[in-house]
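Trainee: Structure in structure tokens, see below.
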Amino acid sequence: MEDRNAFAGRRQRASIGPRAIDSCAVEVQRIGVVGLGAMGAGIAQVAVEAGFDVVGREVTPELGEAAAARIGHFLTRKVEKGQRTEEERDEAVARLTTTTGLEALADCDLVIEAIVEALEPKQALFAELETICRPDAVLATNTSALSVTELAAATSSPERVIGMHFFNPAPLMPLVEVVRAELSSDDAVDTGLAVVERLGKTAVPCHDTPGFVVNRILIPLLNDCVRVLDEARVAPEALDAAMTNGAGWPMGPCALVDLVGIDVHVHASEALYEKLREPRMAPPPRLVAMRNAGLLGRKSGRGFYGY
Ligand code: CAA
Numbered sequence: 013m014e015d016r017n018a019f020a021g022r023r024q025r026a027s028i029g030p031r032a033i034d035s036c037a038v039e040v041q042r043i044g045v046v047g048l049g050a051m052g053a054g055i056a057q058v059a060v061e062a063g064f065d066v067v068g069r070e071v072t073p074e075l076g077e078a079a080a081a082r083i084g085h086f087l088t089r090k091v092e093k094g095q096r097t098e099e100e101r102d103e104a105v106a107r108l109t110t111t112t113g114l115e116a117l118a119d120c121d122l123v124i125e126a127i128v129e130a131l132e133p134k135q136a137l138f139a140e141l142e143t144i145c146r147p148d149a150v151l152a153t154n155t156s157a158l159s160v161t162e163l164a165a166a167t168s169s170p171e172r173v174i175g176m177h178f179f180n181p182a183p184l185m186p187l188v189e190v191v192r193a194e195l196s197s198d199d200a201v202d203t204g205l206a207v208v209e210r211l212g213k214t215a216v217p218c219h220d221t222p223g224f225v226v227n228r229i230l231i232p233l234l235n236d237c238v239r240v241l242d243e244a245r246v247a248p249e250a251l252d253a254a255m256t257n258g259a260g261w262p263m264g265p266c267a268l269v270d271l272v273g274i275d276v277h278v279h280a281s282e283a284l285y286e287k288l289r290e291p292r293m294a295p296p297p298r299l300v301a302m303r304n305a306g307l308l309g310r311k312s313g314r315g316f317y318g319y
């Protein structure tokens with residue numbers, strides 16, 4: 013087990029600029045993103061905007077094309093709003109290629125996994141990536157509630173596995189938690205920190221504990237909010253108005269759970285409850301019923317609100 017102070021020291025070095033990061037960190041130019049759903053497409057977008065070459069992998073060409081179109085749409089909106097030039101948009105779009113084959117990730121310096129939030133498919137993916145990627149490539153997971161250490165254990169080179177946890181929507185949220193699993197190497201962690209810096213985002217390095225930093229706090233808080241709906245007998249609109257106007261939240265808790273996805277939030281709650289056994293972590297029955305009924309929030313067109 014590594015000395016925690018050593019991690020704290022590295023964080024300070026990393027925060028004062030790229031040169032201060034350990035020189036053995038992998039020099040990243042090409043990033044693979046596996047899974048181009050809302051999170052993966054968002055990560056791919058910020059990476060091409062920051063000048064990285066990105067290979068995005070989806071299971072069908074149609075899903076890959078849909079993700080590329082979504083990224084193109086958001087970059088075009090930036091042009092329309094004067095935040096980017098057309099040339100910058102075209103260059104960013106040209107840095108993205110999509111594929112259905114994992115072999116296309118062989119040349120990547122860093123691969124970020126953003127597939128379905130379940131242990132077994134992620135472990136199978138990491139085991140396969142290990143056979144395809146260069147031995148020095150860093151393998152990262154965007155998991156929000158699973159153990160990075162358990163994912164790394166599916167490989168024979170767990171030292172190169174880290175967590176890089178982006179927040180939804182990834183292009184707009186500045187934070188990335190850079191997660192050190194039990195056997196992550198300093199070089200792998202430093203590579204993650206350096207990439208986050210080049211993405212122009214804020215890295216918070218942390219250890220591999222359930223929910224890391226933000227979800228350890230946010231998941232039970234959102235569960236409390238949903239319980240208050242019934243306890244205080246208020247409508248979602250009223251609860252959201254209360255938290256935006258009374259607590260300064262940028263969006264209300266019901267709108268936020270709709271954005272994250274009811275299924276994603278319930279799954280993360282169950283994963284944290286399983287590990288921590290704290291009652292507040294358990295998903296409120298109201299959310300479980302919504303998930304079971306297919307009310308998944310924005311992505312299904314209906315959650316607390318209609319879209
Ligand atoms: N991807 C890319 N670009 C997007 C986007 C997306 N998903 N959504 C919006 N944009 C772009 C659009 O171009 C949009 O401009 P137009 O509408 O003019 O096209 C632009 O961003 C600005 O969008 P908004 O006007 O909606 O931005 P806003 O100022 O209202 O802020 C917000 C939106 C950043 C989402 C803000 O409401 C906020 O911070 N909400 C809280 C979000 C949050 O807490 N996220 C964390 C969720 S928890 C999590 O992710 C952890 C987990 O593991 C589950």
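Each residue of the sequence shown is one higher than the one before, starting from 13 at the first, in my numbering. The C-beta atom is built at its ideal place from N, Cα and C for all residues, glycine as well.
1. Taking 7 Å as the cut-off, decide whether the C-beta atoms of residue 174 and residue 149 are in contact.
2. Please report how far the alpha carbon of residue 206 lies from the alpha carbon of residue 60, in whole angstroms.
3. Hey, could you find the ends of the alpha helix (DSSP H) residue 138 is sitting in?
4. Given 6 Å as the limit, tell me if residue 42 has its C-beta closer than that to any heavy atom belonging to the ligand ZN.
5. So what's residue 58 in DSSP terms, helix, strand or just coil?
6. Counting only the same chain and skipping the five closest in sequence on each side, list residues whose C-beta sits under 6 Å from that of residue 179.
7. Are the segment 130-150 and the segment 96-103 in contact at 8 Å, needing three or more beta carbon pairs?
8. With DSSP collapsed to three states, give me the class of residue 69.
9. Does the beta-carbon distance from residue 293 to residue 232 come in below 7 Å?
10. Note down, in chain order, each residue of its chain lying with its Cβ closer than 8 Å to the Cβ of residue 271, except the 5 sequence neighbours on either side.
11. Would you decide whether residue 285 is buried or exposed? Buried here means 16 or more other CB atoms lie within 10 Å of its CB.
12. Residue 87 and residue 106: beta carbons closer than 7 Å?
13. So, is residue 203 buried or exposed, given that buried needs 16 or more other C-beta atoms within 10 angstroms?
14. For the beta strand (DSSP E) that contains residue 176, what are its first and last residues?
15. DSSP state of residue 249, grouped into three classes?
16. With residue 299 and residue 277 assumed to form a contact (beta carbons below 8 Å), what rounded beta-carbon distance in angstroms separates them?
17. Which term fits residue 85, buried or exposed, when burial requires 16 or more other beta carbons within 10 angstroms of its beta carbon?
18. Using a threshold of 6 Å, is the CB atom of residue 175 nearer than that to any non-hydrogen atom of the ligand CAA?
19. Taking only runs of the alpha helix (DSSP H) that begin and end inside the segment 218-287, which ones reach a length of at least 4 residues, in chain order?
20. Specify, as a first and last residue, the run of the alpha helix (DSSP H) that residue 318 falls within.
21. Is DSSP giving residue 127 helix, strand or coil here?
22. Terminal residues of the continuous beta strand (DSSP E) containing residue 153?
23. When the Cα atoms are used, what is the spatial distance from residue 257 to residue 82?
24. May I ask you to report which of helix, strand or coil DSSP gives residue 82?
25. Tell me where the alpha helix (DSSP H) around residue 300 begins and ends.
26. Going by Cα to Cα distance, which pick from 281, 252, 92 and 46 is closest to residue 145?
Mentor: In terms of the structure at hand:
1. Numbered from 1 along the sequence shown, position 162 holds the residue referred to as residue 174. Numbered from 1 along the sequence shown, position 137 holds the residue referred to as residue 149. No, the pair does not count as a contact, with Cβ atoms beyond the cut-off.
2. On the sequence shown, residue 206 is found 194 positions in, with the first residue counted as 1. On the sequence shown, residue 60 is found 48 positions in, with the first residue counted as 1. Cα-Cα distance, rounded: 16 Å.
3. Position 126 of the sequence shown, counting from 1, holds the residue named residue 138. 131-144 is the span of the alpha helix (DSSP H), which, as asked, contains residue 138.
4. Although the ligand ZN was asked about, the structure shown includes only the ligand CAA as ligands.
5. As a first step, residue 58 must be located in the sequence shown, where it is residue number 46. In the structure shown, residue 58 sits in a helix (DSSP, three-state: H, G or I).
6. Locating residue 179 in the sequence shown gives position 167, counting from the first residue. Only 185 and 187 meet the Cβ criterion.
7. no
8. Taking the first residue of the sequence shown as position 1, residue 69 is located at position 57. It is a strand residue.
9. Locating residue 293 in the sequence shown gives position 281, where the first residue counts as 1. Locating residue 232 in the sequence shown gives position 220, where the first residue counts as 1. Closer than 7 Å, so yes.
10. Here residue 271 corresponds to residue number 259 of the sequence shown, with the count starting at 1. If we look at residue 271 and ignore the five residues flanking it on each side, its Cβ neighbours are 180, 181, 263, 309 and 310.
11. Taking the first residue of the sequence shown as 1, we reach residue 285 at position 273. Its Cβ being crowded by 16 or more others within 10 Å, residue 285 is buried.
12. For the purposes of this step, residue 87 is taken as the residue at position 75 of the sequence shown. For the purposes of this step, residue 106 is taken as the residue at position 94 of the sequence shown. No; because the gap between Cβ atoms is not below 7 Å, this pair is not in contact.
13. Counting from 1 along the sequence shown, the entry for residue 203 is found at position 191. Residue 203 is buried by the Cβ-count criterion.
14. Position 164 of the sequence shown, counted from the first residue, corresponds to residue 176. Counting along the chain, the beta strand (DSSP E) containing residue 176 begins and ends at 173-178.
15. Taking the sequence shown and counting its residues from 1, one reaches residue 249 at position 237. It is helical.
16. In the sequence shown, residue 299 corresponds to position 287, counting from 1. In the sequence shown, residue 277 corresponds to position 265, counting from 1. So it is a contact: roughly 7 Å between Cβ atoms.
17. Translated into positions along the sequence shown, residue 85 becomes position 73. When all chains shown are included, residue 85 counts as exposed.
18. Counting from 1 along the sequence shown, the entry for residue 175 is found at position 163. Every heavy atom of the ligand CAA is 6 Å or more from the Cβ of residue 175, so no.
19. 226-243, 248-258 and 265-272
20. The residue given as residue 318 occupies position 306 in the sequence shown. Residue 318 -> no alpha helix (DSSP H), and no H or E assigned at all.
21. Indexing the sequence shown from 1 puts residue 127 at position 115. DSSP places residue 127 in coil when its eight states are reduced to three.
22. Within the sequence shown, the letter at position 141 stands for residue 153. Note, residue 153: beta strand (DSSP E), 150-153.
23. For the purposes of this step, residue 257 is taken as residue 245 along the sequence shown, with counting starting at 1. For the purposes of this step, residue 82 is taken as residue 70 along the sequence shown, with counting starting at 1. Straight-line Cα distance between these residues: approximately 32 Å.
24. Walking along the sequence shown from the start, residue 82 turns up at place 70. In the structure shown, residue 82 sits in a helix (DSSP, three-state: H, G or I).
25. Looking up residue 300 in the sequence shown gives position 288. Note, residue 300: alpha helix (DSSP H), 297-304.
26. As a working mapping, residue 145 is identified with position 133 in the sequence shown. Residue 145 has its Cα closest to that of 46, out of 281, 252, 92 and 46.
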